[in-house]
Amino acid sequence: SLSMIDEYAVLAKARYIIDLAADFRDGSQGFVYGLNEVFTESIRTSTKVANPGCFATALQLALAPLASAGLMQSPVHITAITGSTGAGQKLQKTSHFSARQQNMSTYKAFDHQHLSEINRTLSALQGSAVAPLHFIPIRGPFTRGIFTSLVTECSASQEDILSTFRAFYAGNKGTFVHVTEEEVQLKSVVNTNHTRLQVNKHGSMLHIVSCLDNLIKGASGQAIQNLNLMMGWPIDSGLKLKSLAY
């Protein structure tokens, strides 16, 4: 974070920095945005990487193929449920077990702090401003994971959409991102660095589901993935993890 760099002079001399706070996600102070599957080559040659936020990772991986194909022309309606660990270490009344168990609530509707980094990436991929993102985050009654549901109008066919997604995540970019027409489940990614994307057309509407572990792919695992890329190591080094189920 910016406060740590200001406080600890030794960090200015560090050969490699991967920051998990939000301060450098805008590219300030020479940091490269660390969405591994999108900015692969920039990360590979960088010495300073700003890890994306957890919601930002889930939503950008779901929408990046559309943006890169110029298909984000209609508003996207997003509902995303996160576990209690998404609130961070600091104790809050909304992260108490008694508040989360068998309970759900919305927060930061249409105004979540990750929207700025999401819009920045998607607009860069599309080469123009993308249509509005209407984002409703929800506190879920579980500890780990993010499960998102995205709906938008899209004229492309199911076959073309699937081809677009699979081409975007071909090769090493598909090591941790898996595209399917089948139902995806949160338990299949918890405790792993994997993201599962479910892509289906329903008439003129496109429905995308994205799920990941907010603590791994949404934070520490993505940091390790970025380190692997920066150091020239196998992309899955330290990340061969088994899910809690399946």
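Counted the way this note's numbering counts, the sequence shown spans residues 569 to 814.
The beta-carbon is built from N, C-alpha and C at its ideal position, and this holds for glycine as well.
Legend entry - Close beta carbons around Glu676, own chain, < 8 Å, minus the five adjacent residues each side: Note on identity: in this sequence residue 676 is Lys, with Glu being the wrong assignment. Cβ contact annotation for Lys676 (same chain, cutoff 8 Å, sequence separation greater than five): Pro705, in chain order.
Legend entry - CA-to-CA distance, Ala630 to Gln793, given in whole angstroms: Spanning the two alpha carbons is a distance of roughly 18 Å.
Inset, instruction - Over the uninterrupted alpha helix (DSSP H) stretch that includes Glu727, give me the two end residues. - result: That run of the alpha helix (DSSP H) goes Gln726 to Phe736.
Inset, instruction - Grab the span of the alpha helix (DSSP H) containing Leu690 for me, first residue to last. - result: Run containing Leu690: Leu683 to Gln694, per the alpha helix (DSSP H) assignment.
Inset, instruction - Grab me the residues of Asn796's own chain with a C-beta within less than 7 Å of its C-beta, minus the 5 sequence neighbours each way, in chain order. - result: Excluding five sequence positions before and after Asn796, the CB atoms of its chain that fall closer than 7 Å to its own CB belong to Pro802, Ile803 and Ser805, given in chain order.
Legend entry - Paired residues, beta bridge with Arg764 - DSSP: Arg764 pairs with His746 and Cys779.
Legend entry - Top-ranked residue by Cα proximity to Gly800, from Thr613, Thr732, Gly713 and Ser596: Nearest of Thr613, Thr732, Gly713 and Ser596 to Gly800, Cα basis: Thr613.
Inset, instruction - Compute the beta-carbon to beta-carbon distance between Leu780 and Ile714, rounded to the nearest angstrom, for a pair I have assumed lies under 8 Å. - result: Their Cβ separation, rounded to whole angstroms, is 6 Å, which keeps Leu780 and Ile714 in contact under 8 Å.
Legend entry - For Ala648: DSSP bridge partner residues: Residue pairing for Ala648: DSSP places it in a beta bridge opposite Pro705 and Thr716.
Legend entry - Straight-line gap, Asn782 to Ala626 (C-alpha atoms, nearest Å): As the crow flies, the alpha-carbon of Asn782 is around 9 Å from that of Ala626.
Inset, instruction - Return the bridge partner residues of Ala755 from the DSSP annotation. - result: Reading off the sequence, residue 755 comes out as Lys, not Ala. Lys755 pairs with nothing; no bridge assigned.
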